[in-house]
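Written below as structure tokens is the structure these notes are about.
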Amino acid sequence: MASPISTLSSEATASSSVLTHYTIPLPSGLTIHIWPTPHSQPRGTIILQHGFGEYAERYVTWHHALVPALLDHGFHVEALDLRGHGKSGGERGVVDVEEAVAEAVQLRLQREVAEEAYRGAGVTGGTGKIFLMGHSLGGLVTAGSVVADSAGVTGVVLLSPVIPGPISWFVGMPADIVARVVPGWTVPGLGSGEGGMTRDEGKRKGMEGDGGIVKKGVSFLTATSGGRVAERVRAGMDGWRAPTLVLHGTADKWADVAGSRGLVEGIGSVDKELVEMEGGWHELLNDMDRDEVLTQILKWLDEHV
Numbered sequence: 001m002a003s004p005i006s007t008l009s010s011e012a013t014a015s016s017s018v019l020t021h022y023t024i025p026l027p028s029g030l031t032i033h034i035w036p037t038p039h040s041q042p043r044g045t046i047i048l049q050h051g052f053g054e055y056a057e058r059y060v061t062w063h064h065a066l067v068p069a070l071l072d073h074g075f076h077v078e079a080l081d082l083r084g085h086g087k088s089g090g091e092r093g094v095v096d097v098e099e100a101v102a103e104a105v106q107l108r109l110q111r112e113v114a115e116e117a118y119r120g121a122g123v124t125g126g127t128g129k130i131f132l133m134g135h136s137l138g139g140l141v142t143a144g145s146v147v148a149d150s151a152g153v154t155g156v157v158l159l160s161p162v163i164p165g166p167i168s169w170f171v172g173m174p175a176d177i178v179a180r181v182v183p184g185w186t187v188p189g190l191g192s193g194e195g196g197m198t199r200d201e202g203k204r205k206g207m208e209g210d211g212g213i214v215k216k217g218v219s220f221l222t223a224t225s226g227g228r229v230a231e232r233v234r235a236g237m238d239g240w241r242a243p244t245l246v247l248h249g250t251a252d253k254w255a256d257v258a259g260s261r262g263l264v265e266g267i268g269s270v271d272k273e274l275v276e277m278e279g280g281w282h283e284l285l286n287d288m289d290r291d292e293v294l295t296q297i298l299k300w301l302d303e304h305v
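Okay, so the sequence shown: first residue is 1 according to this note's numbering, each after it adds one.
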């Protein structure tokens, strides 16, 4: 696969919002968002990966305003819109998870795009320590990227990661065939609508009116490629050495907390922690205990920077 930044685009644009925000279209059709911290001495960079059906900019005003909180805490934030999501190209809601993992690794290791944007914003001194953060399907992409190549990673934070269990050949073989022939077909009953995301009624209503959220279910391509990435994560857990924090709600209907339990138990890192939010639903930073969740994240970053 060609590098997503093999030919650097010069079309980076800064938004006029209070936050300095660069939107950079890549030759591959993907879009990366960069928010430089206003702090004169940055503490590091968070590479944030959003979940299925959403988009990077949602973390500015939703998810308990995570991006502004990280910026105020002294971190730059970089976030890639998955293919078929946000400002990235591709059929809406259809993402090859294996491809997304490869693109995430390449973007982390090849820093030209980010460094150019930071220079344009007048930021000097580089991007510092790199922390990875992923939610839901973005948690699986992040985990897959750590197993594939963890070079330069200071720490990992996963929020409600989707880590599906092994799939029998009886189910997997026909699903793979469908994924190859009609990749955009959706798996019946898997991942459509906003139900089960949060216990906060106001937040649920707000999601319904967000035109940027993909309202279709999970495609066969996404499901089957995600299953293969999960298998690689399980196979490579022994080599996972990066300090890791995982937060997961015990009442999550979208991503079984058992996946996070198995991940934290199995990875080789000696610095690992699983925080189970009792009764928490899938989008923890939009749920009832969002203050505590954000506090846990910032505290952990403070301890590891």
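The beta-carbon is built from N, C-alpha and C at its ideal position, and this holds for glycine as well.
Taking a cut-off of 8 Å for Cβ pairs, the region 17-35 and the region 109-120 touch, as three or more such pairs fall below it.
Take the alpha-carbon of residue 278 and the one of residue 252: they are about 10 Å apart. Close CB contacts of residue 79 within its chain, under the 6 Å cut and outside five residues either way in sequence, are with 33, 48, 56 (chain order). Per the DSSP secondary-structure output, residue 272 pairs in a beta bridge with 244. Counting C-beta atoms within 10 angstroms of its own C-beta, residue 295 has fewer than 16 neighbours from the protein chains shown and is therefore classed as exposed.
When rounded, the separation of the alpha-carbon atoms in residue 20 and residue 121 is 8 Å. Taking a cut-off of 8 Å on C-beta distances, the region 208-227 does not touch the region 126-134, as fewer than three cross pairs fall below it.
Note on geometry: alpha-carbon atoms of residue 151 and residue 254 lie some 30 Å from one another.
Going by C-alpha positions, residue 155 is about 16 Å away from residue 42.
By the neighbour-count criterion, in which 16 or more other beta carbons inside 10 Å mark a residue as buried, residue 139 falls on the buried side. Residue 91 and residue 235 have their C-alpha atoms some 30 Å from each other. Shown here, residue 103 sits in a helix according to DSSP, grouped into three states. Around the CB of residue 302, fewer than 16 other CB atoms lie within 10 Å, so the residue is classed as exposed. Residue pairing from DSSP places residue 219 in a beta bridge opposite 186. Taking the CA atoms as reference points, residue 162 sits about 18 Å from residue 83.
Counted as a single uninterrupted DSSP element, the beta strand (DSSP E) harbouring residue 77 occupies residues 75-81.
Take the alpha-carbon of residue 112 and the one of residue 37: they are about 18 Å apart. In terms of Cβ geometry, residue 198 and residue 276 do not form a close pair [threshold 8 Å]. In this model, residue 40 and residue 300 are separated by some 22 Å (Cα to Cα).
The beta carbon of residue 59 sits closer than 6 Å to those of 66, 67, all from its chain and outside the five residues before and after it, given in chain order. Per DSSP, residue 300 is one residue of the alpha helix (DSSP H) stretching across 290-304. With distances taken between CA atoms, residue 96 lies nearest to 225 out of 268, 244, 225, 288. By the CB criterion at 8 Å, residue 238 and residue 195 fall outside the cutoff.
Note: residue 35 is bridge-paired with 77 in the DSSP secondary-structure output.
Shortest Cα-Cα distance from residue 51 to any of 77, 70, 81, 208 involves 81. Pairing residue 144 with residue 187 gives a Cβ-Cβ distance that is not under 8 Å. Excluding the 5 residues flanking it on each side, residue 98 has same chain C-beta neighbours closer than 7 Å at 225, 228, 229, in chain order.
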